Amino acid sequence: MRANATRYGTVALYDSECEQLVEAVPAALASLCAGAFFYIDKTVRSPGKHVHPEGPSPLSVHEVLDWINASLEHPSESVNASGRKALKSLLTYPARNEELLDDICRRAFASLHTMPGSTPSFGVVADVILTCTDSPFTFSQVVCLALASLGDTDHQIRRHGFDVLEAIHRQTSHIPFIAESEAAIRSYAPSVYLPGQRRISEFLATHHSEEAVPLLAQCALHLSNLREGEALVLHALEPWMAFVELMVEGTNDLLPTGDLCMHNLLALTIRFGDTHPSEMQALWTKLVAGTYPMNHHAIVKWLVEQATWLGNAAFVAYSRRVIAYLSRTQFGELVFHELCTLISPATMSIQKASMPKRPRSHLFTADLSTLLPLSESRKQLSIAQLALLFLGDVALDPAWDVSYQLPIFLHAIFLQADHKSASVEQEIHHLLLQTLRTCTAVYEDSGLQELSREDVKLSIARLADQSNDAFWLPDEPGILDMEKLCFEVLRLLEPSRPRLRQEWGLLALEWGAHSSDASTASLSLQLLRILRPRVQQGALNELLARLTNTVSSNDSGPQKVCQDVLMSLTALVKADVLDHTLWPQLFWCARACLSTTVEAEYAQALILLKTLLQVLDITKDEVIEDLLDHQPESWDTDDISLQAVILPGLRSSLTWKDAMEVLKCLSRCTHDQFVDHSAGRLRSLYTVCLPPFLEAMDQPQLDEDLAELAMNIARMADNEKRVGISRLMTSFAKQKFRSKEDFLRQAVSCLRENYTSKYSTEILTLLLGLVLNSERWLRVKSMQLLKLLFQHVETKNQNVLSELLMPLLSLLRTDLALQALDVLDEPLSVSGGLAATHVLRMSMHIRSSRELEENLVVFGVPEPSGCATASARPVTMAFSVALDGISTNGMGQFDEFDMGAENMDDDLGNLVSQLNDLNSFFTAEERGREKSSCHFITVTRQI
Numbered sequence: 001m002r003a004n005a006t007r008y009g010t011v012a013l014y015d016s017e018c019e020q021l022v023e024a025v026p027a028a029l030a031s032l033c034a035g036a037f038f039y040i041d042k043t044v045r046s047p048g049k050h051v052h053p054e055g056p057s058p059l060s061v062h063e064v065l066d067w068i069n070a071s072l073e074h075p076s077e078s079v080n081a082s083g084r085k086a087l088k089s090l091l092t093y094p095a096r097n098e099e100l101l102d103d104i105c106r107r108a109f110a111s112l113h114t115m116p117g118s119t120p121s122f123g124v125v126a127d128v129i130l131t132c133t134d135s136p137f138t139f140s141q142v143v144c145l146a147l148a149s150l151g152d153t154d155h156q157i158r159r160h161g162f163d164v165l166e167a168i169h170r171q172t173s174h175i176p177f178i179a180e181s182e183a184a185i186r187s188y189a190p191s192v193y194l195p196g197q198r199r200i201s202e203f204l205a206t207h208h209s210e211e212a213v214p215l216l217a218q219c220a221l222h223l224s225n226l227r228e229g230e231a232l233v234l235h236a237l238e239p240w241m242a243f244v245e246l247m248v249e250g251t252n253d254l255l256p257t258g259d260l261c262m263h264n265l266l267a268l269t270i271r272f273g274d275t276h277p278s279e280m281q282a283l284w285t286k287l288v289a290g291t292y293p294m295n296h297h298a299i300v301k302w303l304v305e306q307a308t309w310l311g312n313a314a315f316v317a318y319s320r321r322v323i324a325y326l327s328r329t330q331f332g333e334l335v336f337h338e339l340c341t342l343i344s345p346a347t348m349s350i351q352k353a354s355m356p357k358r359p360r361s362h363l364f365t366a367d368l369s370t371l372l373p374l375s376e377s378r379k380q381l382s383i384a385q386l387a388l389l390f391l392g393d394v395a396l397d398p399a400w401d402v403s404y405q406l407p408i409f410l411h412a413i414f415l416q417a418d419h420k421s422a423s424v425e426q427e428i429h430h431l432l433l434q435t436l437r438t439c440t441a442v443y444e445d446s447g448l449q450e451l452s453r454e455d456v457k458l459s460i461a462r463l464a465d466q467s468n469d470a471f472w473l474p475d476e477p478g479i480l481d482m483e484k485l486c487f488e489v490l491r492l493l494e495p496s497r498p499r500l501r502q503e504w505g506l507l508a509l510e511w512g513a514h515s516s517d518a519s520t521a522s523l524s525l526q527l528l529r530i531l532r533p534r535v536q537q538g539a540l541n542e543l544l545a546r547l548t549n550t551v552s553s554n555d556s557g558p559q560k561v562c563q564d565v566l567m568s569l570t571a572l573v574k575a576d577v578l579d580h581t582l583w584p585q586l587f588w589c590a591r592a593c594l595s596t597t598v599e600a601e602y603a604q605a606l607i608l609l610k611t612l613l614q615v616l617d618i619t620k621d622e623v624i625e626d627l628l629d630h631q632p633e634s635w636d637t638d639d640i641s642l643q644a645v646i647l648p649g650l651r652s653s654l655t656w657k658d659a660m661e662v663l664k665c666l667s668r669c670t671h672d673q674f675v676d677h678s679a680g681r682l683r684s685l686y687t688v689c690l691p692p693f694l695e696a697m698d699q700p701q702l703d704e705d706l707a708e709l710a711m712n713i714a715r716m717a718d719n720e721k722r723v724g725i726s727r728l729m730t731s732f733a734k735q736k737f738r739s740k741e742d743f744l745r746q747a748v749s750c751l752r753e754n755y756t757s758k759y760s761t762e763i764l765t766l767l768l769g770l771v772l773n774s775e776r777w778l779r780v781k782s783m784q785l786l787k788l789l790f791q792h793v794e795t796k797n798q799n800v801l802s803e804l805l806m807p808l809l810s811l812l813r814t815d816l817a818l819q820a821l822d823v824l825d826e827p828l829s830v831s832g833g834l835a836a837t838h839v840l841r842m843s844m845h846i847r848s849s850r851e852l853e854e855n856l857v858v859f860g861v862p863e864p865s866g867c868a869t870a871s872a873r874p875v876t877m878a879f880s881v882a883l884d885g886i887s888t889n890g891m892g893q894f895d896e897f898d899m900g901a902e903n904m905d906d907d908l909g910n911l912v913s914q915l916n917d918l919n920s921f922f923t924a925e926e927r928g929r930e931k932s933s934c935h936f937i938t939v940t941r942q943i
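Numbering (the UniProt record's numbering), first residue to last: 1 to 943.
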């Protein structure tokens, strides 16, 4: 068009008209802006449809305000005026659009702190507020925007802001405005107008406290739009925080507005915590130190709730920062104590997270998920773990009284020291170091001579260095040596807290006794064994009560806890920190636990009993009387003997040595009724001691303990007038035998002369049980005895179960097969029990059916160590811890076998002949199962 104008010589006219058009178009658009934006097509009668489908699309807020903003920034004054006119028409239009108002406020915030002399949209907004009687903006929107303007470097903007605040105050209150601050706001010196901004904010917060929550929401919504000056707005927001109520006193749940405020204040912390830490510290301080005393509790509760629900590592990090803010307030000690109270055995386990449903407000609520960095995976933590991590950045104030919480704090740190998450482990390690730095900071000033400042710093530096193997397991990188670390922490802290070991130790006992999480309980009990506090009746009762729910369990978790409890009891006895009056009760507890069917539990119970027998002199009558006096009243006098529950321990290579040591200790006792009230004490002890006596014949020097044991057996034989056994044991103790063959022959002869006519089954059961033991020499010596016994044993009037042959048959797969076949070749009649084919299958660990396994009543299926317990014996351990003792329903033992079986006599020679071809034996069609009826006695006893 300009080319045509040039052709006809009308260029000047063209340029003039274009200039007029540039000014006329914005003016026309400004006049039509409001009507077009709020236009509703009245010809469309369908509800919800405001524009005809074929008509123009409605104007969007973003497009309209972008045009107005461009007009305000145009170099032409007339275009600027059109932009102001358009914006004012939108604000004064009778209809309201919340999206429009929020975007106008956002752009007004963005126009603040721009270059002096510019024409910001804030001026238009201020003009509307000052000239319109019915402003479209809420009180909080006006105050938030105006307070922000009071920190602007442009004194005209500050003037507008002051006028707006004065106007909005007069509209809502009859109290005179602080007019004296106007001079300060009009000053050109920041040192003058910025304090004026603070005084005005304090005045408004005091007289409009109900607007504190909406004002915080507006700041959270718009503060990020400021190009600069955020610190000034945060500083002005501080007085309002004193009037924010998060939780009503006397309740334990946040108000809906409290939840909203926590979202918005944490959003400000996420945005400005790094750039403006002092201002954020002031906001959190004012929140808890203001009008409402429950705010600090509400903050802790809300952070724990959200962290449990979100499982976001970044949220935990910012929560830790919030707790650090609170720790620097007057409520810091209370917050520390409150978080420590959240650490307990019950809260250590991860529970299903549930978020309380609170009503949503119409006010802005920050979406934290858009502000937090995305976590690679959801990291679910327990309440106790969160409470511990929240304290990660807290520096304990020396003035705080943490004597009660310190053991809890340290215990929780140690429980998490080897957390599976590397980040959590690192934070816990840092927390431990910070705790040590805080607690040892007073040493130099307090005059303690045990530790110097240099010694403390050196020790903490060594703890911080994971490459230093002083506190780390050398064979397992990254794993702490719990004992070394615990002793070092005690060395650093005990000079100022001499009762720390005792208090921490009792706390570890409590956690071990009450924690539902097996790993937490086990670690606590491990710390108990390290700390070894003095234990009285009440604490012992807690440990014994834990056995009630764990002993003889089928689950691995309770089994591990039960073993740890027994190990802890043993450690307490060894350390001599257990009240000596509790030893008798502990003795009967160990006795009851020996009825468990779990090998590892049995092994620990055996060690506990052995330890007790080392400190209890059972050769003294008064000690035996004291033990019997403390025997629980409900214990059946016909119950199985103490010695009888030790004998099964000889079958296992894991418990063999401890069982023999216990038997040696019991052999010193002259009270037969205490050890074994039946007539079988000498018979059983003599029988099971023959294999180790035979082994001792091969050694150049006789062990003194074995010699003492032999003399004790001789003494018992004298009491029963069994001269042959007495003479044999005395000669053995004095090493008068020329050869072991001579000793073997005489030993079997004594068995035949004294017992085999009536007690063949019992003797064979004991010796064949020793064959199960994986100790090679024990198997060999036991088979030497069995070979001779099979030649002379009388079984015509006794039932010898076919199951008794299983230990020998199990050796057919080993290098001792020839010796086992040699024993099996001896003539022996067996009667009752399973068919020989089934016994052979069990000996090969071939479980053809569960019914077959359940029918085993003597040994059961052996473990690799040799431990064998018949699974058919029901076990119920019910320990009731009280001053009068422990009540137990225990596992029955089989003192005698009453077999009412049909004829199932299998000649051993025939069985051995079948073993010549094992393949044909197992592939041959199985004959019909021979019926057997096994009746066994299950002794139910009450301890």
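For every residue, glycine included, the Cβ atom is placed at its ideal position computed from N, Cα and C.
Treat the numbers as computed from the prediction; the structure is a model and nothing was measured.
Contact under 8 Å by Cβ, residue i with residue j
i	j	result
W504	H411	yes
D705	K664	yes
L266	L391	no
residue 946	V322	The shown model of the chain, from 1 to 943, leaves out residue 946, and the question about it has no answer.
Q604	Q563	yes
V61	T92	no
S149	L215	no
C219	L268	yes
residue 947	A126	Not covered by the structure: residue 947. The range shown for the chain is 1 to 943.
W309	A353	yes
Residues sharing a beta bridge with residue i, DSSP
i	result
L578	V535
L254	M247
Same chain only: Cβ atoms within 6 Å of residue i, ignoring 5 sequence neighbours per side
i	result
C439	L493
N97	none
S71	P26, V79, S82, G83
L221	F364
residue 989	It is not possible to answer for residue 989, since the shown part of the chain is limited to 1 through 943.
P407	E503, W504, L507
Endpoints, alpha helix (DSSP H) assigned at residue i
i	result
T435	422-439
D815	From DSSP, D815 is part of no alpha helix (DSSP H); its letter is neither H nor E.
Y193	190-207
Q171	155-172
A399	It is not in any alpha helix (DSSP H) - A399 carries neither H nor E in the DSSP assignment.
Q306	295-310
E483	482-493
P214	212-222
S82	77-92
H62	61-72
H235	230-241
C867	From DSSP, C867 is part of no alpha helix (DSSP H); its letter is neither H nor E.
Proximal residues to residue i (C-beta, below 7 Å), its chain only, five neighbours per side dropped
i	result
Q502	P533, R534
V912	Note that V912 scores 42 on pLDDT, short of 50, meaning its location in the model is unreliable and no value can be drawn from it.
L647	S684, V688, L766
S731	F737
residue 960	Residue numbering for the chain in the displayed model covers 1 to 943; residue 960 lies beyond these limits and cannot be assessed.
G332	L326, D397
Near the ligand GDP: residue i beta-carbon under 7 Å from a heavy atom
i	result
C439	Among the ligands in the structure shown, none appear at all, so the ligand GDP cannot be discussed.
Other residues of its chain near residue i: CB distance less than 8 Å, five sequence neighbours each side excluded
i	result
P398	T438, A441, V442
Please go through the segment 684-742 and give each complete alpha helix (DSSP H) segment of 4 or more residues, from N-terminal end onward. For the segment 684-742, whole alpha helix (DSSP H) runs of length 4 or above, ordered along the chain, are 704-719, 723-733.
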